[in-house]
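Before any comments, here is the structure.
Chains as they are written, first to last, in our numbering: chain A, 155 to 905; chain B, -16 to 147.
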C-alpha cells in the first residue's frame, strides 16, 4: 500500500492460487498435468503483485490492466472483479490498458486465453487491499470499529447511521497507509453479487456511438496518414524508387521514404496515400517464396512428415485412419495493422494495439538505435486480434518510417496488405491412425506437420524462465513443440495416445491464430472418432459418451445432445454433427445441423461463397467460474462463426509467390448469409471455483462439429479444409500496384 | 484547392481538398469524424456505412466533389439527432443504438457503427415497403464482423425495428 494524493493499493500475493493439476488421471497427457495456462500463469506470478487499484476523490476506482483488450471483454470482466471486492457499482470502475512496463517481465502478454486465469486472484487482492484501507480510514472518521462498518455502493456506513463515501476517504486512506504489508481476506465466492452476473460491456456505449477510439482514431498532433507500397512477391524488398520526386509532388503528399519493408508515403489523407502508393514505380527484389504456390508448399510439408508410430497389429485388430490438409488461413482483423509513431532524435513514442508490448518496446529500441527506456510504448484497444496482435509488425514499421522521415506518422496497412502480407495460420497436414480391437480403441496416433508457426514475440522468454519446472521433459523442446505439448490432448480413453508435431519452412508471415494448433488437430481427431464409431456400429454421440474420460466433458456433451435434439429425424442432404474439446481449464461441446442440399448450396449472392449452410448450433461450455456469462456467450458465438469459416469458406491461396486475397470478398470469413439463423450457447454451471479461458475456447469444437456434420450430410468425409479451397471464387486483384483504388460510384449504390 | 461544402450531422462544413478525395478521408482525416471506420476502402466491408439524405452509403466510394452543398451526410455520431428526443432511449440514443446496447452486441466494436447505420437504413426501407425484417433481409446484409457478432446483430435489428 502506498501513500499519495489518492489511495493506491497494490496486490500482495501472500496467498497463492491453488496449484493446478491436483488430480492425475491414470494415463495423463501433458496438458492434464500442466498446460499452457499453468505455464503462462507461473511465468506471470513473480510480478503479479505489481498492480495497483486507485481510489479517486470522485469515489471511482481506476486500474491499469497489463493486458490488451481486443474485443474479448477483459476490461469488463476486470471491472467486475474490482467492483465485487470494493462493493462499488461496475460503472464506477475505470479500467484502462497499461503501457509497456518492462518490470512486469513475463506478466504483460495477452495470449493463450490466459488473462482471467492469471489475473483473477491478483486483481481481487489489489481491490481488497484498497477496501481494507478505506474501512480503516472510515473507522477513524466515523468513530467506530472496522468490524461494525458496512461498505456498499461506494459508501461506508456505521451502525449509528453515519456514513462516509470512498471519495471522501481516498486522500485520508492514502495518508494513513504509507508503504506496508497488510493481510486481506477475499470475498467468498458464495457472496459474489457481481461476478457471475451477466453484465454488458463497459465500452459498449462508446462502441455504438462511434466514440471508441482505435489506433488510427487517436488525435496525435502532426501524425499524418502514412501507408507503405509493398512488393509484388511476399516479403520482397525495395531496391530503388524510380519516380520519388514525381510522387512527392502529388497532392497532399509530404514525404516518400524507402524503408526495409517497402516504400512509405505520408500525406494529408489516407486517400492521397493510396494514390501515391499506386503511383510509385519501384524496383523490387523478390521475396523468399517467389514462384511458390499452395501445391509446392504442400509437397514440402508432405516431404517433412515423419513416419507414423507403429501400431499394434494382430489378425483381430483393425486400423482406422485419416489424412487431412489444412490450407493457409488469415488472422486479419477488421482494424488493420496500424501504429502511430513519433520518433525524435533522443526519444520515441508509439501507440498501437499490442499484446506483447514489452518485447515490442525492446525490438523498436533496437531498430531505432535507442535504449528501451527512450521508447514509450502505449497500448491501444484494437479492433480484433485473433492472434494477429501478438506481433507488432506495424509498430516496428511505423517507428522505422517516422525515424526515416523525421516526422510523426499514423501508419495504416491497406486491407490488401493486411490480408496478403499480414500474418496467418500456417498450411499443414494432420494424419491420424487408430487401432480398434472389438469394442475398444487400443491406440491413437496423430501427427501434425506444418509450415512454422512464428512464436518470436516473447513467449520464448517465458518458456526459458518456466522451462525448468515443466514436467515430461518438454522444457528441452522448441517453442512450438512446447506450445503443442502443453495444449494438445485426445479427450478419450483410446489406450496409447501419441501426438506429435513437425514444423518446416520459416519463410512465411505466420503466428498464433485463435486457438493455435487445436482447431486443425481436433477436426482431424473428431472426424476419425466418427469413423471409429461407425466401425463399432455406434452412434457418434453414444461413442463419445462411452470413451470420454472427464466428467465435465460428459456433462457438456449430454447438454448439447439434449438441448440440440441429437438424433432427430432430418431430411436427406442435411445432418447433425457433434464434437467436444477440452482446453483453457474448460470443456466444451458443440452440436450443429448443416444443410448441403442443392437449393442451399446453389444460392447466388454476388461476390460471395454460399455453399452448405450451418442452420442450427447448440454449444455448451463449462469454463469453470464464469466471471461474465454474457461476455462468455459472446465469445462462444464468435468462435462458432470462426469454426464455420475454417470448415467451409476461408483460406488464403498462394500463387506464384504471393497470396491472392486482397479483400473481404476474397477471403471468405463467415458472413450473414453463412451464419446460422439459430444459435444457442449454454453456460453450464461449474463445480470449479476458479475461472478458465474464454477468448479462444469456442473455435475447436465448432470447427470439428461442422466438419463431422458435413461428412454425415454428404456421406463423404472431407479431407481438406476449408472444403471450398480448390475452387477459387474470385478474380484476384493485381499485385502492381499493390493496393486497389477506391471506387467512385458510391452514390449509385445507396440503399 | 477546391472548396467542398456539405452538411454533416446537421452542421454545414467547408473543407479545402481536391475533388477526388473520397469522403471517408475527408470525414476522418480532415474533419476528425472517426465513427465511420476504414476496413477495406473498396466498398466491400461496409465498416464506413453512413447515411446520405437518409439512405445508407459508403463514403469510401464517393469522391467528395460529388457531394453537393445541400447533401446531408449522417455518420454514427449524428444518428441520435435523426429521431425526436421522445423517441430516444435510456441513453438518449437512436432506438437501434439502444437495442444494440441492450443486446450487448459489440465485441471489439470496430464494425459496429457501420452495422448500426446499415441496420437503420434496412429497417426504414422495409417499413417503406410495408413489411417487417425477414430472414432473407438479414442474410443479405454485407457488413462484415470478424468477431462474428452476427447472432446478436440479427437479434438487435429485430429489437431495434420494433422500437423505431
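Virtual Cβ for every residue (Gly too), placed ideally from N, Cα, C. Computed from a predicted model, the values in this text were never measured in an experiment.
Within chain A, partners of residue i - CB distance below 8 Å
i                      : result
residue -12 of chain B : Here the premise fails: no neighbours, minimum Cβ distance about 17 Å.
is_contact[residue i, chain A] using C-beta, thresh 8 Å
i                     : result
residue -2 of chain B : no
residue 17 of chain B : yes
residue 80 of chain B : yes
residue -6 of chain B : no
residue 87 of chain B : yes
Residue-chain proximity (residue i, chain B), Cβ-Cβ < 8 Å
i                      : result
residue 616 of chain A : With a pLDDT of only 45 at residue 616 of chain A, under 50, the local geometry of the prediction cannot be trusted, and the value read off the model is given with reservation. Output row for residue 616 of chain A: interface = no.
residue 622 of chain A : Only weak support is given to the placement of residue 622 of chain A: the predicted model assigns it a pLDDT of 36, under 50, and the question is left unresolved by the model.
residue 505 of chain A : no
residue 253 of chain A : no
residue 920 of chain A : Look at the range of chain A in this structure, 155 to 905, and you will see that residue 920 of chain A is not part of it.
residue 891 of chain A : no
Per DSSP, cross-strand counterpart(s) of residue i
i                      : result
residue -6 of chain B  : B:-9
residue 496 of chain A : A:503
residue 439 of chain A : A:391
residue 223 of chain A : None; residue 223 of chain A has no bridge partner.
residue 131 of chain B : Per DSSP, none; premise fails for residue 131 of chain B.
residue 484 of chain A : A:578
residue 832 of chain A : A:770
residue 794 of chain A : Looking at the DSSP assignment, residue 794 of chain A forms no beta bridge with any residue, so it has no partner.
residue 956 of chain A : Chain A is shown from 155 up to 905; residue 956 of chain A falls before or after that span and cannot be answered.
Cα-Cα separation, residue i to residue j
i                      : j                      : result
residue 538 of chain A : residue 125 of chain B : 19 Å
residue 632 of chain A : residue 445 of chain A : 30 Å
residue 531 of chain A : residue 877 of chain A : 42 Å
residue 206 of chain A : residue 217 of chain A : 6 Å
residue 58 of chain B  : residue 24 of chain B  : 17 Å
residue 436 of chain A : residue 393 of chain A : 7 Å
residue 314 of chain A : residue 296 of chain A : 9 Å
residue 37 of chain B  : residue 119 of chain B : 22 Å
residue 198 of chain A : residue 262 of chain A : 8 Å
residue 409 of chain A : residue 706 of chain A : 59 Å
residue 957 of chain A : residue 322 of chain A : Residue 957 of chain A lies beyond the range of chain A shown here (155 to 905); nothing can be said about it.
residue 889 of chain A : residue 385 of chain A : 8 Å
residue 578 of chain A : residue 813 of chain A : 11 Å
residue 274 of chain A : residue 787 of chain A : 19 Å
residue 818 of chain A : residue 26 of chain B  : 10 Å
residue 541 of chain A : residue 670 of chain A : 8 Å
residue 339 of chain A : residue 256 of chain A : 30 Å
residue 838 of chain A : residue 785 of chain A : 14 Å
residue 843 of chain A : residue 341 of chain A : 13 Å
residue 134 of chain B : residue 327 of chain A : 47 Å
residue 402 of chain A : residue 389 of chain A : 25 Å
residue 183 of chain A : residue 648 of chain A : 12 Å
residue 479 of chain A : residue 873 of chain A : 6 Å
residue 574 of chain A : residue 64 of chain B  : 40 Å
residue 354 of chain A : residue 18 of chain B  : 21 Å
residue 899 of chain A : residue 51 of chain B  : 15 Å
Contact list for residue i against chain A, beta-carbon separation under 7 Å
i                      : result
residue 144 of chain B : In chain order: nothing, as chain A lies at least about 16 Å away.
residue 4 of chain B   : 423, 425 and 426
residue 58 of chain B  : 364
residue 141 of chain B : Residues of chain A passing the Cβ test: none, with the nearest at roughly 12 Å.
Distance cut-off 7 Å: residue i Cβ against heavy atoms of the ligand HEM
i                      : result
residue 546 of chain A : Judged by which ligands are present, the structure shown has none, so any question about the ligand HEM falls away.
Chain B contact residues for residue i, given Cβ-Cβ distances below 7 Å
i                      : result
residue 795 of chain A : 131 and 133
residue 224 of chain A : 91
residue 896 of chain A : 5, 24, 25, 43 and 44
Interface partners of residue i on chain B, CB under 9 Å
i                      : result
residue 899 of chain A : 26, 44 and 45
Where residue i meets chain B, residues with beta-carbon distance less than 8 Å
i                      : result
residue 903 of chain A : 26, 40, 41 and 44
residue 833 of chain A : 134
residue 379 of chain A : 8 and 12
task: Could you name the residues of the region 98 to 120 of chain B whose beta carbon sits closer than 7 Å to any beta carbon of chain A, in the order they occur along the chain?
output: 99, 104, 108 and 118
- request: Please list the residues of the region 343 to 375 of chain A that have a C-beta atom closer than 8 Å to any C-beta atom in chain B, keeping them in chain order.
  value: 354, 355, 357, 358, 359, 360, 361, 362, 363, 364, 365, 366, 367, 368, 370, 371 and 373
query: Name the residues in the region 806 to 823 of chain A whose C-beta lies less than 8 Å from a C-beta of chain B; which are they?
result: 817, 818, 819 and 823
query: What residues from the region 773 to 789 of chain A come within 7 Å of chain B, judged by C-beta to C-beta, listed N to C?
result: 784 and 788
message: So if I threshold CB-CB distances at 7 Å, which residues from the region 64 to 75 of chain B count as touching chain A?
response: Taking 7 Å as the Cβ-Cβ cut-off against chain A, the residues of the region 64 to 75 of chain B that qualify are 74.
task: With 8 Å as the limit, tell me which residues of the region 550 to 570 of chain A have their beta carbon closer than that to any beta carbon of chain B; keep them in chain order.
output: Within the region 550 to 570 of chain A, contact with chain B at the beta-carbon level (separation under 8 Å) is assigned to 566, 568 and 569.
- prompt: Taking any Cβ of chain B, which residues in the region 483 to 494 of chain A have a Cβ under 8 Å from it, in chain order?
  reply: Taking 8 Å as the Cβ-Cβ cut-off against chain B, the residues of the region 483 to 494 of chain A that qualify are 486, 487, 488, 489 and 490.
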